[in-house]
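Each residue of the sequence shown is one higher than the one before, counting from 131 in my numbering. The C-beta atom is built at its ideal place from N, Cα and C for all residues, glycine as well. Model, not experiment: these values are computed from the prediction.
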Amino acid sequence: MEKIKAYNILTYGCQMNEHDSEKISWILDNMGYGSGNNNEECDLIIYNTCAIRKTAEEKIYGQLGALKALKRDRPDLIIGVCGCMMQKEEIVDTITSKFKHVDIIFGTNNIHKLPQLINNYKKTGETIIDIIEENREIDESLGAVRKYNFKAFVNITYGCNNFCTYCVVPHTRGRERSRKPEYIIKEIEELANHGYKEITLLGQNVNSYGKTFNNNYRFTNLLKDVNNIIRIERIRFMTSHPKDISKELINSYNELDKLCSHLHLPVQSGSNRILKKMNRKYTREDYLDIIRQVKEISPHITLTTDIIVGFPGETEEDFDETIKLVKEVEFDSAYTFLYSLREGTPAARFKNHIDYRTKHDRFQRLLDVLNPIGLEKNQNLLNKNVAVLVEDISSTNSNILNGRTLGGKLVHFKGDKDKIGNIVDVNITHAKTFTLEGTLT
Ligand code: 5AD
Ligand code: SF4
131 MEKIKAYNIL
141 TYGCQMNEHD
151 SEKISWILDN
161 MGYGSGNNNE
171 ECDLIIYNTC
181 AIRKTAEEKI
191 YGQLGALKAL
201 KRDRPDLIIG
211 VCGCMMQKEE
221 IVDTITSKFK
231 HVDIIFGTNN
241 IHKLPQLINN
251 YKKTGETIID
261 IIEENREIDE
271 SLGAVRKYNF
281 KAFVNITYGC
291 NNFCTYCVVP
301 HTRGRERSRK
311 PEYIIKEIEE
321 LANHGYKEIT
331 LLGQNVNSYG
341 KTFNNNYRFT
351 NLLKDVNNII
361 RIERIRFMTS
371 HPKDISKELI
381 NSYNELDKLC
391 SHLHLPVQSG
401 SNRILKKMNR
411 KYTREDYLDI
421 IRQVKEISPH
431 ITLTTDIIVG
441 FPGETEEDFD
451 ETIKLVKEVE
461 FDSAYTFLYS
471 LREGTPAARF
481 KNHIDYRTKH
491 DRFQRLLDVL
501 NPIGLEKNQN
511 LLNKNVAVLV
521 EDISSTNSNI
531 LNGRTLGGKL
541 VHFKGDKDKI
551 GNIVDVNITH
561 AKTFTLEGTL
571 T
């Protein structure tokens with residue numbers, strides 16, 4: 131009997147990519163491959179790439195370079211590269227000229243064609259390149275092999291129409307499309323029937339869900355319908371855009387018992403001048419007003435954000451506005467980024483790009499403000515009992531479990547691995563800047 135061939139998928143970037151990799155796993159399982167542990171043991175290696183910042187791209191080039199020797203030693207090895215980077219022509223050119231050991235290159239819109247691409251490669255031995263600019267039709271035929279059996283990502287929108295001036299996503303993921311509610315609900319009902327408890331609704335901008343429909347069904351309607359699915363206990367969503375946050379959505383935190391008490395709302399900058407140059411379509415006042423309303427409805431909600439430091443033309447005064455906003459909102463945590471020039475985006479052509487040292491200096495000063503606030507927020511949970519969904523065992527200590535609060539905060543506590551997938555009560559005993567520690571009650 132022929133040995134089952136093994137695959138290894140290496141995923142970079144956001145949850146969208148993570149979930150795409152779960153779909154690729156499903157395709158490969160259906161082709162008779164089995165999942166392997168590392169590149170050395172596998173017959174098929176796929177890199178699912180991210181293009182959001184230059185550093186992400188450089189990492190991939192480094193990884194691909196390192197595969198050259200492996201392919202030389204094992205010519206039967208198949209190497210595939212997919213994801214956002216592949217939607218950029220110049221990157222595909224670089225890969226085909228400098229990384230000739232890559233066998234299959236495919237984009238974000240044609241994952242479903244992978245079996246055909248693998249077979250074509252096997253037949254011809256030639257590098258196969260298959261990139262589709264845009265796919266208006268949503269392919270509903272793909273399943274997913276999910277990493278966890280109690281929490282799942284579910285796509286609700288694909289692509290983005292916002293064209294923030296720094297961002298490649300509208301160029302790599304195409305125009306915004308919403309999945310029909312009946313497909314989403316059916317998928318979540320099936321997950322619930324298989325014991326899944328937590329659903330994260332995924333999209334580049336989930337708040338604008340349904341805007342392309344010719345009826346009034348919108349994101350909050352979807353949230354209500356998901357909330358009605360029995361056995362689902364927690365609903366999250368990712369990511370929101372401040373310009374599309376509605377009063378109904380804010381009220382949902384009050385009305386929907388399963389909606390987790392967490393809002394991730396990328397602000398990017400606290401300066402109106404910079405927000406305008408970023409094409410974000412809201413002001414700092416708009417943002418602060420949303421936060422005020424959210425806190426009114428849900429005073430203990432976890433608030434997180436994304437912030438870019440050193441956008442072209444950012445002055446000390448602009449940066450100061452960001453610092454002031456951070457202090458006013460009191461975020462629990464934030465993803466902070468150094469602005470990274472992305473060729474082909476409008477901001478790449480803006481004047482007054484900020485030098486690396488200034489960017490770094492501001493980045494550090496921003497963390498110096500964010501971190502103590504995050505710590506204080508976590509300290510507010512000391513001696514309290516919180517509901518935690520147990521996710522896995524600590525990678526460094528097999529007696530320690532990792533789980534997440536309703537606010538999405540990571541908690542470490544002693545416990546047995548049979549608790550994984552359950553929601554348990556944990557008493558918080560230690561608070562750190564990024565994590566909590568506690569004991570099972
Ligand atoms: N440079 C730095 N950060 C970026 N992001 C998107 N594009 C860039 C860029 N060119 C950040 C934004 C976004 C997050 C996913 O990545 O903050 O919300
Ligand atoms: Fe990029 Fe802006 Fe779309 Fe987010 S909303 S994916 S930052 S263009």
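Using the beta-carbon count (16 or more within 10 Å), is residue i buried or exposed?
i    : result
K281 : buried
R414 : buried
F293 : exposed
H560 : exposed
T238 : buried
A464 : buried
A274 : buried
Y412 : buried
E506 : exposed
Go to residue i, then tell me how far its beta strand (DSSP E) extends in each direction, as first and last residue.
i    : result
F293 : Run containing F293: none; DSSP gives neither H nor E here.
F283 : 281–285
E319 : Looking at the DSSP string, E319 is not in any beta strand (DSSP E); the run it does join, the alpha helix (DSSP H), is 311–323.
I208 : 208–213
E328 : 328–332
S271 : Taken as a continuous stretch (DSSP letters only), S271 belongs to no beta strand (DSSP E), as it is neither H nor E.
I530 : 530–534
N240 : Taken as a continuous stretch (DSSP letters only), N240 belongs to no beta strand (DSSP E), as it is neither H nor E.
V520 : 515–523
D260 : 258–260
I550 : Element bounds for I550: n/a, residue is neither H nor E.
Could you give the DSSP three-state label for residue i: helix, strand or coil?
i    : result
N168 : coil
F441 : coil
T569 : strand
H575 : With the chain covering only 131 through 571, there is no way to say anything about residue 575.
A181 : coil
E473 : coil
H483 : coil
Could you give the residue range of the alpha helix (DSSP H) that holds residue i?
i    : result
N138 : Here N138 belongs to no alpha helix (DSSP H); instead the beta strand (DSSP E) covers 136–141.
I503 : 486–509
A199 : 198–203
Y465 : Y465 -> not in any alpha helix (DSSP H); beta strand (DSSP E) instead, spanning 463–468.
F349 : 349–357
H149 : 145–160
R222 : Per the sequence shown, residue 222 should be read as Val rather than Arg. V222 -> alpha helix (DSSP H) spans 219–228.
Since residue i and residue j are thought to touch, with beta carbons under 8 Å apart, how far apart are those beta carbons, to the nearest angstrom?
i    : j    : result
I208 : I234 : 7 Å
V397 : M368 : Going by Cβ atoms, the distance from V397 to M368 rounds to 15 Å, so no, they are not a contact pair.
Y326 : G333 : Not confirmed; about 19 Å, so no contact.
K241 : D355 : For the sequence presented, residue 241 should be read as Ile rather than Lys. About 27 Å separates the two Cβ atoms, so there is no contact after all.
A322 : R361 : 4 Å
R173 : D203 : In the sequence on display, residue 173 carries Asp and not Arg. At roughly 13 Å, the Cβ-Cβ gap does not stay under 8 Å, so D173 and D203 are not in contact.
Among the residues of its own chain, which have a CB less than 8 Å from the CB of residue i, if the five just before and after it don't count?
i    : result
G440 : L468, Y469, I484, T488, K489, R492, F493
V298 : A181, I182, C214, K218, R472, G474, T475
If I measure Cβ to Cβ from residue i and keep anything under 6 Å in the same chain, skipping five residues before and after, which residues do I get?
i    : result
L405 : S399
P476 : T295
Looking at residue i and the ligand MN, is the gap between the Cβ and the nearest heavy atom below 7 Å?
i    : result
F293 : In the structure on display, the ligand MN does not appear, and the ligands it does have are the ligand 5AD and the ligand SF4.
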